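Numbering (this note's numbering), first residue to last: 198 to 780. C-beta: ideal position from N, C-alpha, C; glycine also. Quick caveat: nothing in here was measured; it's all calculated off a predicted structure. Notes for the one structure printed next.
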Ligand code: ARG
């Protein structure tokens with residue numbers, strides 16, 4: 198694309214040029230600080246920081262810049278500039294520029310959003326539930342957030358390598374395999390396929406705690422598993438496979454893009470653990486501490502001020518979570534050649550991951566431009582503001598949660614759209630339910646805890662999936678009513694509501710880019726909500742199909758409606774949320 202269609206970018210370029218023209222090339226590093234404004238179309242806030250650098254009054258500098266920015270007939274972008282408050286530059290853009298940019302976006306399959314200038318290889322570690330354990334709501338968060346990031350980063354032109362780092366190894370597998378053998382494949386298969394993973398795990402645990410003979414078998418089984426005993430490995434594979442099938446059924450229902458080939462669980466690093474321990478000990482980087490082989494990344498101390506270890510190899514020769522994560526980060530950097538690694542993992546693992554990253558830097562695997570980032574998220578709370586649990590106090594089965602969401606959505610759709618036939622109603626309910634669950638998660642600042650409340654999630658009002666999906670459906674129904682005889686045409690920006698809608702439409706690329714940088718999907722969610730609100734205001738103020746609307750005005754408004762529909766659908770798709778065609 199030759200020129201940017203994003204108003205903030207276009208103005209930033211003009212301000213930058215003006216400032217370097219006034220002050221010289223020394224000021225080429227100045228950030229114009231352009232943003233949307235409540236008082237104008239845009240504002241540029243650079244005068245305040247420039248003032249400190251030039252030791253002059255901010256308002257005086259702001260005025261100098263304002264006078265130097267080409268406006269009116271001298272500019273195709275800026276209509277007028279005004280200095281306000283302590284030195285803000287309030288900018289009104291030209292209607293024609295907005296209209297032309299919106300036209301260009303409408304003609305572009307990518308809606309005017311460019312692909313990233315430097316495409317990266319991004320390893321994305323997300324979802325990663327644990328075999329034979331319930332996939333709890335925390336895993337739901339990682340899955341939903343991770344998948345949205347995967348979609349968005351791919352759309353921006355990056356190569357995204359999904360890694361589903363499932364918990365498929367470790368000492369609990371001794372008791373799990375013994376329990377599997379006791380139950381028989383058929384019964385175990387039934388329990389695991391039903392998503393009764395919590396029950397399966399708990400039953401194994403209970404036997405382990407209460408039955409010494411079982412505990413003994415379980416311990417021997419761990420040794421056999423680690424020793425590569427073929428029949429044991431065979432049982433282990435059955436167990437993993439049954440769980441993975443359950444995970445996949447959840448992915449399928451939620452529309453998650455993870456595939457079999459993205460599985461790269463803890464067990465896949467088994468062969469790399471001993472060599473890693475050996476190398477680290479030979480190089481002197483790892484040290485023995487109380488029998489265990491440990492590394493001590495700089496800057497991590499416990500409460501007593503002692504260096505904190507990451508355990509590479511336990512004193513009994515076994516390997517744990519930390520060894521696996523070190524092998525994994527090495528693999529991701531040295532073999533997958535990642536330039537950016539993202540770990541979508543709950544906030545409680547912050548220190549562990551930060552230690553893993555530091556080790557990777559200290560040994561030289563992780564070096565700029567490559568970087569690793571913890572995409573942390575808060576806990577899921579119930580409406581009582583405590584950890585999310587079912588009424589009986591158990592962790593809630595994910596499948597039950599999805600079923601309940603569908604039930605509520607079905608009731609909501611039956612009330613709102615009784616005219617739809619039963620099959621369409623069921624389909625819309627499914628789209629609304631899954632969209633609502635995802636949107637509730639994604640529209641919250643991810644590092645904060647969030648309250649899981651199906652009553653509020655499944656809604657057509659406020660900042661919800663239903664409201665956005667409904668706005669999309671409205672754009673489609675307007676287009677249908679307009680019909681082929683009245684096609685969209687050249688966009689013109691005249692009314693206030695047309696102007697606000699156009700500003701929102703052209704800000705889509707900035708919202709996408711901000712998620713790419715901050716890894717905060719709620720920025721896109723909030724953008725889409727603002728767009729839907731602007732569309733509602735436009736629809737209230739600017740008649741489209743009314744018979745007294747002149748043909749050219751109608752064609753322009755239909756083009757805005759269509760662009761709105763495509764932007765909503767694309768934005769929701771980047772979040773992993775579907776839209777129905779009718780609702
Ligand atoms: N399976 C782990 C859990 O449920 C999360 C794994 C996160 N990824 C990683 N590379 N450590 O807590």
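Around the CB of residue 580, fewer than 16 other CB atoms lie within 10 Å, so the residue is classed as exposed. Put simply, the stretch 324 to 332 does not touch the stretch 416 to 426. Fewer than three CB pairs are less than 8 Å apart. Rounded to the nearest whole angstrom, the C-alpha separation of residue 566 and residue 511 is 33 Å. Linking residue 723 to residue 300 through their CA atoms gives a straight-line distance of about 24 Å.
Around the beta-carbon of residue 361, 16 or more other beta-carbon atoms lie within 10 Å, marking it buried. Between residue 359 and residue 321 a beta carbon distance of about 5 Å is seen, short of the 8 Å cut, so the two are scored as contacting. Burial of residue 552 is indicated by the presence of at least 16 other C-beta atoms within 10 angstroms of its C-beta.
Shortest gap from the CB of residue 319 to any heavy atom of the ligand ARG: 8 Å or more. The stretch 668 to 706 contains, as complete alpha helix (DSSP H) runs of 4+ residues, the segments 693 to 703 (chain order). DSSP places residue 243 outside any beta strand (DSSP E); the residue lies instead in the alpha helix (DSSP H), whose first and last residues are 243 to 251. In the structure shown, the three-state DSSP call for residue 310 is coil.
Between residue 673 and residue 778, the C-beta spacing is below 9 Å. Counting C-beta atoms within 10 angstroms of its own C-beta, residue 228 has fewer than 16 neighbours from the protein chains shown and is therefore classed as exposed. Taking non-hydrogen atoms of the ligand ARG into account, the C-beta of residue 542 is found less than 8 Å away from one of them. Take the alpha-carbon of residue 396 and the one of residue 441: they are about 16 Å apart.
In this structure, the C-beta of residue 467 stays at least 8 Å away from each heavy atom of the ligand ARG. Using a Cβ distance threshold of 9 Å, residue 495 and residue 559 count as a contacting pair.
In summary, residue 315 is exposed, with fewer than 16 beta-carbon neighbours lying within 10 Å of its beta-carbon over all protein chains present. Cβ neighbours of residue 225 within its own chain (closer than 7 Å, five residues either side excluded): 217. Checking the DSSP bridge columns, you'll see residue 569 partnered with 538. The C-beta distance from residue 364 to residue 463 rounds to 6 Å, short enough to meet the 8 Å contact threshold. Using a 10 angstroms sphere on the CB of residue 719, the tally of other CB atoms reaches 16 or more, which defines it as buried. Annotated as proximal: residue 665 and residue 729, with beta-carbon spacing under 9 Å. In this model, residue 757 and residue 699 are separated by some 8 Å (Cα to Cα). Scanning its chain for C-beta atoms nearer than 6 Å, with the 5 sequence neighbours on each side dropped, one finds around residue 483 the residues 477, 490, 492, 509, in chain order.
Of the candidates 303, 334, 352, the residue whose Cα lies closest to the Cα of residue 319 is 352. Here residue 341 is buried: its Cβ has 16 or more other Cβ atoms, across all protein chains shown, within 10 Å. Within 8 Å of the C-beta of residue 525 there is at least one heavy atom belonging to the ligand ARG. Relative to the ligand ARG, the nearest heavy atom lies less than 8 Å away from the CB of residue 336. By the C-beta density criterion, residue 240 is buried, having at least 16 other C-beta atoms within 10 angstroms.
Under the three-state reduction of DSSP output, residue 291 falls in the coil class, being neither helix nor strand. Counting other Cβ atoms within 10 Å of its Cβ, residue 522 reaches 16 or more and is therefore classed as buried. Taking residue 488 as reference, the option from 497, 514, 418 with the minimal CA-CA separation is 514. Each residue's CA atom was taken as its position, placing residue 543 and residue 337 some 11 Å apart.
Judged by DSSP in its simplified three-state form, residue 518 adopts helix. The stretch 593 to 604 makes contact with the stretch 622 to 640: 3 or more CB pairs, one atom from each, lie closer than 8 Å.
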